[in-house]
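Chains as they are written, first to last, in our numbering: chain A, 3 to 194; chain B, 3 to 194. Each residue gets a CB set at the ideal place from its N, CA and C atoms; glycine is no exception. Bear in mind that the values here come from a model prediction, so they are computed numbers and not experimental data.
Protein chains: 2
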Amino acid sequence: MNTEARLDFILRLDGLKAVERKTYPSGMNRAENSAEHSWHCALCALFMAEECAFPVDARHTALLMLMHDVPEIGCGDTFAYAEARAGAEAREREALSGLLAPLAPADASRLRELWEEFEAAETPEARYANALDRLLPVLHNLSHDGLSWREHKVRLEQVMSRLAGVAEVLPGVWALLKPRLEQHFAGAGHEQ
Amino acid sequence: MNTEARLDFILRLDGLKAVERKTYPSGMNRAENSAEHSWHCALCALFMAEECAFPVDARHTALLMLMHDVPEIGCGDTFAYAEARAGAEAREREALSGLLAPLAPADASRLRELWEEFEAAETPEARYANALDRLLPVLHNLSHDGLSWREHKVRLEQVMSRLAGVAEVLPGVWALLKPRLEQHFAGAGHEQ
Chain A
3 MNTEARLDFI LRLDGLKAVE RKTYPSGMNR AENSAEHSWH CALCALFMAE ECAFPVDARH
63 TALLMLMHDV PEIGCGDTFA YAEARAGAEA REREALSGLL APLAPADASR LRELWEEFEA
123 AETPEARYAN ALDRLLPVLH NLSHDGLSWR EHKVRLEQVM SRLAGVAEVL PGVWALLKPR
183 LEQHFAGAGH EQ
Chain B
3 MNTEARLDFI LRLDGLKAVE RKTYPSGMNR AENSAEHSWH CALCALFMAE ECAFPVDARH
63 TALLMLMHDV PEIGCGDTFA YAEARAGAEA REREALSGLL APLAPADASR LRELWEEFEA
123 AETPEARYAN ALDRLLPVLH NLSHDGLSWR EHKVRLEQVM SRLAGVAEVL PGVWALLKPR
183 LEQHFAGAGH EQ
């Protein structure tokens with residue numbers, strides 16, 4: 003019974019490969035999906051920990067990353083700069099409960115706890131994870147001359163406000179990134 | 003300097019999102035890529051450990067999964083049933099060295115060790131990881147009525163031989179899967 007439910011859940015997870023984000027992986031002309039984004043974040047957690055302003059368990063952070071977008075299988079991605087962002091957490095929690103319901107309770111709790119820890123953004127690992135989650139799309143945007151920002155009329159002040167956590171958690175990264183962002187938005191083609 | 007190299011490496015990892023595998027995620031009509039496959043395997047490691055015939059550290063297995071296909075960024079995917087498979091390990095080791103070269107030595111070693119452990123398939127975690135890596139495409143194939151097996155003229159005996167590790171490592175899964183495979187290949191449309 004549990005085995006059957008686990009195999010079904012494996013295929014259900016495929017749904018995250020169909021959730022399109024608003025950014026484009028570097029060198030590619032298609033939208034990134036949330037499954038490959040989750041892999042990317044998880045792996046980055048393993049070699050970015052030295053950049054972190056405080057000690058973190060990089061390996062645990064990778065696990066948070068694996069689960070952080072899974073509720074989107076049930077309710078889709080909410081764009082970072084969307085107005086509907088406010089209700090996203092409640093929608094995602096509900097979607098996650100539905101997804102995990104067929105699993106054995108121990109399996110379901112283990113996965114739910116990873117998502118809840120990420121979402122609360124309180125532990126050092128969850129803060130580091132959230133900073134990486136926000137950093138990667140910025141690198142993608144800069145590699146595509148701000149394509150997704152231009153498409154969605156995102157302004158520098160919105161990016162800066164969303165990246166407050168990156169500045170705090172990854173100060174060395176921020177020192178490199180801030181002038182690049184300012185220079186980029188000073189160029190043509192952006193909303194002011 | 004290290005920070006710059008890390009940011010460059012983050013974008014280099016995007017390459018795995020462009021590596022196409024031969025299977026199709028369930029419910030989708032495009033090839034799976036190796037980045038989303040790596041996320042899928044890593045997350046599955048967290049809830050399939052009870053199926054494993056021996057005790058494993060599920061969390062460590064997830065980390066092996068994050069790195070197991072990274073060399074493909076340099077040398078592409080080798081199809082499970084391809085004749086060129088023999089030299090794949092050496093090609094992948096070389097590709098990985100090239101990819102990791104710009105990173106700080108400590109970062110590079112940490113990532114290389116995860117790949118080497120997976121590839122050697124000797125530790126309990128690496129055996130469990132290899133079994134999951136082989137299980138997932140079978141589930142995808144069954145969900146698509148064997149589409150990729152038919153496209154590549156793969157026979158039941160080839161699938162069975164490749165799944166020896168699944169039978170050994172995930173016996174309860176194998177008990178469910180074996181009759182489904184036999185029934186599937188007994189149907190029309192396959193090479194005999």
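Check                                                                                                                          : Outcome
Chain A contact for residue 111 of chain B (CB, 8 Å cutoff)                                                                    : no
From A:137, A:88, A:56, A:9, residue whose alpha carbon lies closest to that of residue 162 of chain A                         : A:137
Extent of the continuous alpha helix (DSSP H) to which residue 180 of chain A belongs                                          : 173 to 188
Min CB distance residue 206 of chain A to chain B below 8 Å                                                                    : Outside the modelled stretch of chain A, which goes from 3 to 194, sits residue 206 of chain A, for which no answer is possible.
Under 8 Å between C-beta atoms of residue 179 of chain A and residue 140 of chain A                                            : yes
Closest residue to residue 18 of chain B among B:71, B:108, B:58, B:175 (Cα-Cα distance)                                       : B:71
Opposing strand residues paired with residue 35 of chain A [DSSP bridges]                                                      : A:22
Segment contact flag, the stretch 152 to 162 of chain B with the stretch 182 to 191 of chain B, C-beta cutoff 8 Å, min 3 pairs : yes
Distance between beta carbons of residue 41 of chain A and residue 66 of chain B, contact taken as under 8 Å                   : Incorrect: roughly 13 Å between the Cβ atoms, too far for contact.
Partner residues on chain A for residue 150 of chain B, Cβ-Cβ distance less than 9 Å                                           : Within chain A, no residue comes near residue 150 of chain B; the closest Cβ sits about 14 Å away, beyond 9 Å.
Residue of A:7, A:21, A:43 minimising C-alpha distance to residue 120 of chain A                                               : A:43
Neighbour flag for residue 74 of chain A against chain B, beta carbons, 8 Å                                                    : no
For residue 134 of chain A and residue 143 of chain A, believed in contact at Cβ under 8 Å, the rounded distance               : About 15 Å separates the two Cβ atoms, so there is no contact after all.
Three-state secondary structure (DSSP) of residue 103 of chain A                                                               : coil
Interface flag, residue 64 of chain A vs chain B, CB-CB below 8 Å                                                              : yes
Touch test, the stretch 31 to 39 of chain B against the stretch 55 to 63 of chain B, Cβ-Cβ under 8 Å, three pairs minimum      : no
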